[in-house]
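Notes to accompany the following structure.
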(Lines of atoms letter the chains of each structure in order from A and count residues from 1; the text may use other names and numbers.)
(Lines give C-alpha, C1' and ligand atoms only; values in the text may rest on other atoms or scores of the structure.)
Protein backbone atom coordinates (compact mmCIF):
# COMPACT_ATOMS: atom_id res chain seq x y z
CA UNK A 1 0.00 0.00 0.00
CA UNK A 2 1.35 3.40 -0.96
CA UNK A 3 1.41 6.15 1.68
CA UNK A 4 -0.77 9.01 0.45
CA UNK A 5 -0.81 12.11 2.67
CA UNK A 6 -3.44 14.14 0.78
CA UNK A 7 -5.64 12.00 -1.44
CA UNK A 8 -7.30 14.95 -3.24
CA UNK A 9 -4.00 16.59 -4.17
CA UNK A 10 -2.56 13.23 -5.17
CA UNK A 11 -5.53 12.48 -7.44
CA UNK A 12 -5.21 15.90 -9.08
CA UNK A 13 -1.56 15.13 -9.80
CA UNK A 14 -2.32 11.63 -11.08
CA UNK A 15 -5.13 12.86 -13.32
CA UNK A 16 -2.84 15.50 -14.82
CA UNK A 17 -0.26 12.79 -15.59
CA UNK A 18 -2.75 10.17 -16.83
CA UNK A 19 -5.77 11.97 -18.35
CA UNK A 20 -8.63 10.17 -20.03
CA UNK A 21 -9.93 9.28 -22.57
CA UNK A 22 -7.09 6.97 -23.52
CA UNK A 23 -5.65 6.58 -27.00
CA UNK A 24 -4.78 3.58 -29.17
CA UNK A 25 -5.49 0.08 -27.89
CA UNK A 26 -6.26 1.38 -24.39
CA UNK A 27 -8.83 3.73 -25.90
CA UNK A 28 -10.41 0.85 -27.83
CA UNK A 29 -10.76 -1.19 -24.63
CA UNK A 30 -12.14 1.86 -22.82
CA UNK A 31 -14.88 2.29 -25.45
CA UNK A 32 -15.88 -1.36 -25.09
CA UNK A 33 -16.07 -0.94 -21.31
CA UNK A 34 -18.26 2.15 -21.64
CA UNK A 35 -20.61 0.34 -24.05
CA UNK A 36 -20.85 -2.60 -21.63
CA UNK A 37 -21.76 -0.27 -18.76
CA UNK A 38 -24.39 1.40 -20.96
CA UNK A 39 -25.84 -2.00 -21.86
CA UNK A 40 -26.01 -3.27 -18.28
CA UNK A 41 -27.38 0.01 -16.92
CA UNK A 42 -30.41 -0.44 -19.21
CA UNK A 43 -31.40 3.16 -18.58
CA UNK A 44 -34.92 4.52 -18.83
CA UNK A 45 -35.87 8.16 -19.30
CA UNK A 46 -37.06 8.32 -15.68
CA UNK A 47 -33.76 7.13 -14.18
CA UNK A 48 -31.57 9.25 -11.93
CA UNK A 49 -27.89 8.36 -12.32
CA UNK A 50 -24.90 8.91 -10.04
CA UNK A 51 -21.37 8.16 -11.22
CA UNK A 52 -18.78 7.91 -8.45
CA UNK A 53 -15.31 8.70 -9.76
CA UNK A 54 -16.60 10.36 -12.92
CA UNK A 55 -13.27 12.02 -13.89
CA UNK A 56 -13.91 14.15 -17.01
CA UNK A 57 -17.37 12.69 -17.61
CA UNK A 58 -16.30 10.46 -20.49
CA UNK A 59 -18.72 7.74 -19.39
CA UNK A 60 -21.50 9.78 -17.78
CA UNK A 61 -21.92 12.11 -20.74
CA UNK A 62 -22.28 9.21 -23.20
CA UNK A 63 -25.26 7.75 -21.34
CA UNK A 64 -28.73 8.21 -22.87
CA UNK A 65 -30.87 11.14 -21.75
CA UNK A 66 -32.36 10.48 -18.33
CA UNK A 67 -34.11 12.48 -15.62
CA UNK A 68 -30.78 13.55 -14.10
CA UNK A 69 -27.07 12.72 -14.10
CA UNK A 70 -24.68 13.51 -11.24
CA UNK A 71 -20.93 13.07 -11.41
CA UNK A 72 -18.79 12.94 -8.26
CA UNK A 73 -15.01 13.01 -8.20
CA UNK A 74 -12.31 14.00 -5.73
CA UNK A 75 -10.18 15.67 -8.42
CA UNK A 76 -11.03 19.30 -9.14
CA UNK A 77 -8.88 19.12 -12.28
CA UNK A 78 -11.03 16.30 -13.62
CA UNK A 79 -14.27 18.09 -12.71
CA UNK A 80 -13.20 21.27 -14.49
CA UNK A 81 -12.63 19.18 -17.59
CA UNK A 82 -15.99 17.45 -17.08
CA UNK A 83 -17.83 20.78 -16.93
CA UNK A 84 -16.11 21.95 -20.11
CA UNK A 85 -16.94 18.64 -21.79
CA UNK A 86 -20.61 18.92 -20.77
CA UNK A 87 -20.80 22.46 -22.15
CA UNK A 88 -19.19 21.34 -25.40
CA UNK A 89 -21.76 18.58 -25.97
CA UNK A 90 -24.63 20.76 -24.70
CA UNK A 91 -25.50 18.27 -21.95
CA UNK A 92 -28.55 19.03 -19.82
CA UNK A 93 -29.67 17.82 -16.40
CA UNK A 94 -26.06 17.16 -15.39
CA UNK A 95 -24.44 18.29 -12.13
CA UNK A 96 -20.91 17.87 -10.81
CA UNK A 97 -19.81 17.45 -7.19
CA UNK A 98 -16.34 17.42 -5.68
CA UNK A 99 -16.24 14.78 -2.98
CA UNK A 100 -14.36 11.91 -1.34
CA UNK A 101 -16.11 8.57 -1.83
CA UNK A 102 -14.50 7.23 1.35
CA UNK A 103 -16.61 9.70 3.35
CA UNK A 104 -20.35 9.32 3.85
CA UNK A 105 -22.41 10.80 1.03
CA UNK A 106 -24.95 13.54 1.69
CA UNK A 107 -27.40 11.95 -0.77
CA UNK A 108 -30.70 10.47 0.41
CA UNK A 109 -31.30 6.73 0.35
CA UNK A 110 -32.90 5.87 -2.98
CA UNK A 111 -32.13 9.28 -4.49
CA UNK A 112 -30.49 7.53 -7.46
CA UNK A 113 -31.98 4.62 -9.36
CA UNK A 114 -28.61 3.76 -10.93
CA UNK A 115 -25.17 4.15 -9.34
CA UNK A 116 -22.04 3.61 -11.44
CA UNK A 117 -18.56 3.21 -9.97
CA UNK A 118 -16.30 2.44 -12.92
CA UNK A 119 -12.50 2.15 -12.66
CA UNK A 120 -12.49 3.94 -9.30
CA UNK A 121 -11.98 1.40 -6.51
CA UNK A 122 -8.37 0.73 -7.52
CA UNK A 123 -7.55 4.41 -6.88
CA UNK A 124 -8.91 4.74 -3.32
CA UNK A 125 -7.23 3.88 -0.04
CA UNK A 126 -10.15 1.81 1.26
CA UNK A 127 -12.37 0.22 -1.45
CA UNK A 128 -14.47 -1.56 1.19
CA UNK A 129 -15.44 1.79 2.72
CA UNK A 130 -16.51 3.16 -0.67
CA UNK A 131 -18.69 0.09 -1.27
CA UNK A 132 -20.22 0.48 2.20
CA UNK A 133 -20.95 4.16 1.53
CA UNK A 134 -22.63 3.25 -1.76
CA UNK A 135 -24.84 0.72 0.04
CA UNK A 136 -26.08 3.45 2.41
CA UNK A 137 -27.69 5.41 -0.43
CA UNK A 138 -29.32 2.40 -2.12
CA UNK A 139 -32.85 1.12 -1.80
CA UNK A 140 -34.27 -2.20 -3.00
CA UNK A 141 -34.58 -0.94 -6.58
CA UNK A 142 -31.18 0.72 -6.98
CA UNK A 143 -28.99 -0.86 -9.66
CA UNK A 144 -25.26 -0.61 -8.91
CA UNK A 145 -22.65 -1.18 -11.62
CA UNK A 146 -19.00 -1.54 -10.65
CA UNK A 147 -16.01 -2.11 -12.92
CA UNK A 148 -12.36 -2.61 -12.00
CA UNK A 149 -9.25 -3.44 -14.00
CA UNK A 150 -8.11 -7.06 -13.78
CA UNK A 151 -4.53 -6.22 -12.94
CA UNK A 152 -2.66 -9.45 -13.69
CA UNK A 153 -3.69 -9.92 -17.37
CA UNK A 154 -3.26 -6.19 -17.98
CA UNK A 155 0.30 -6.38 -16.65
CA UNK A 156 1.03 -9.46 -18.76
CA UNK A 157 -0.18 -7.64 -21.88
CA UNK A 158 1.74 -4.45 -21.06
CA UNK A 159 4.95 -6.36 -20.31
CA UNK A 160 4.65 -8.33 -23.56
CA UNK A 161 4.12 -5.13 -25.57
CA UNK A 162 7.04 -3.49 -23.75
CA UNK A 163 9.38 -6.36 -24.64
CA UNK A 164 8.18 -6.15 -28.25
CA UNK A 165 8.87 -2.41 -28.28
CA UNK A 166 5.23 -1.71 -29.14
CA UNK A 167 3.70 -0.42 -25.89
CA UNK A 168 4.07 3.31 -26.57
CA UNK A 169 3.02 2.83 -30.19
CA UNK A 170 -0.14 0.84 -29.44
CA UNK A 171 -0.91 2.47 -26.07
CA UNK A 172 0.24 6.11 -26.18
CA UNK A 173 0.71 7.72 -22.74
CA UNK A 174 0.33 4.39 -20.92
CA UNK A 175 3.18 3.72 -18.49
CA UNK A 176 5.14 0.48 -18.36
CA UNK A 177 4.43 -2.01 -15.57
CA UNK A 178 2.08 -1.42 -12.65
CA UNK A 179 0.19 1.87 -12.81
CA UNK A 180 1.33 4.33 -10.17
CA UNK A 181 -2.31 5.45 -9.83
CA UNK A 182 -3.48 1.97 -8.81
CA UNK A 183 -3.37 1.39 -5.06
CA UNK A 184 -4.85 -2.12 -5.35
CA UNK A 185 -4.47 -5.04 -7.77
CA UNK A 186 -8.02 -6.26 -8.40
CA UNK A 187 -9.27 -9.65 -9.53
CA UNK A 188 -12.85 -10.86 -9.99
CA UNK A 189 -12.51 -12.83 -6.76
CA UNK A 190 -11.34 -9.79 -4.77
CA UNK A 191 -14.18 -7.62 -6.05
CA UNK A 192 -16.74 -10.33 -5.26
CA UNK A 193 -15.30 -10.66 -1.75
CA UNK A 194 -15.51 -6.91 -1.11
CA UNK A 195 -19.11 -6.49 -2.27
CA UNK A 196 -20.66 -9.61 -0.70
CA UNK A 197 -21.20 -8.01 2.72
CA UNK A 198 -23.54 -5.35 1.32
CA UNK A 199 -24.70 -6.55 -2.09
CA UNK A 200 -26.00 -9.49 -4.08
CA UNK A 201 -24.27 -10.00 -7.44
CA UNK A 202 -26.85 -10.18 -10.24
CA UNK A 203 -24.43 -10.22 -13.14
CA UNK A 204 -20.67 -10.72 -13.36
CA UNK A 205 -18.65 -10.69 -16.55
CA UNK A 206 -15.27 -9.84 -18.02
CA UNK A 207 -14.38 -7.27 -20.64
CA UNK A 208 -11.75 -8.85 -22.90
CA UNK A 209 -10.27 -10.45 -19.79
CA UNK A 210 -8.89 -7.03 -18.82
CA UNK A 211 -11.73 -5.56 -16.75
CA UNK A 212 -14.30 -7.06 -14.40
CA UNK A 213 -17.86 -5.72 -14.30
CA UNK A 214 -20.63 -6.53 -11.82
CA UNK A 215 -24.27 -5.52 -11.48
CA UNK A 216 -25.35 -5.42 -7.85
CA UNK A 217 -28.48 -5.04 -5.73
CA UNK A 218 -28.56 -4.26 -2.03
CA UNK A 219 -28.83 -7.41 0.11
CA UNK A 220 -32.33 -7.96 1.50
CA UNK A 221 -31.10 -8.15 5.10
CA UNK A 222 -29.58 -4.68 4.68
CA UNK A 223 -33.00 -3.30 3.75
CA UNK A 224 -34.55 -4.58 7.00
CA UNK A 225 -32.34 -2.22 9.00
CA UNK A 226 -33.93 0.87 7.53
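Residue numbers (my numbering): 1379 to 1604.
By construction, the Cβ of each residue, glycine as well, lies at the ideal position given by its N, Cα and C atoms.
At least 8 Å separates the beta-carbon of residue 1572 from that of residue 1489. Nearest in C-alpha terms to residue 1600, of all of 1520, 1513 and 1458, is 1513.
In this structure, the beta-carbon distance from residue 1520 to residue 1491 falls below 8 Å. Annotation for residue 1405: 1399 place their beta carbon closer than 7 Å to its own, counting only its chain and skipping 5 residues before and after.
Using a Cβ-Cβ distance cut-off of 8 Å, the region 1413-1423 and the region 1386-1396 are not in contact, since fewer than three pairs of beta carbons, one from each stretch, lie closer than that value.
Under DSSP, residue 1449 forms a beta bridge with 1429 and 1474.
Taking C-beta separations shorter than 8 Å and ignoring five residues to either side along the sequence, the partners of residue 1497 in its chain run 1411, 1431, 1525, 1526, 1527 and 1589, following chain order.
Beta-bridge annotation (DSSP): residue 1521 is paired with 1492. Around the CB of residue 1443, fewer than 16 other CB atoms lie within 10 Å, so the residue is classed as exposed. 8 Å or more divides the Cβ of residue 1439 from the Cβ of residue 1479. Residues 1500 of the same chain have their beta carbon placed closer than 6 Å to that of residue 1560, with the five preceding and five following residues left out of the count.
Annotation: residue 1487 to residue 1449 spans about 17 Å, alpha carbon to alpha carbon. Note: residue 1577 is bridge-paired with 1596 in the DSSP secondary-structure output. With 16 or more other Cβ atoms inside 10 Å of its own Cβ, residue 1552 counts as buried. For residue 1527, the pairing in a beta bridge is given by DSSP as 1589.
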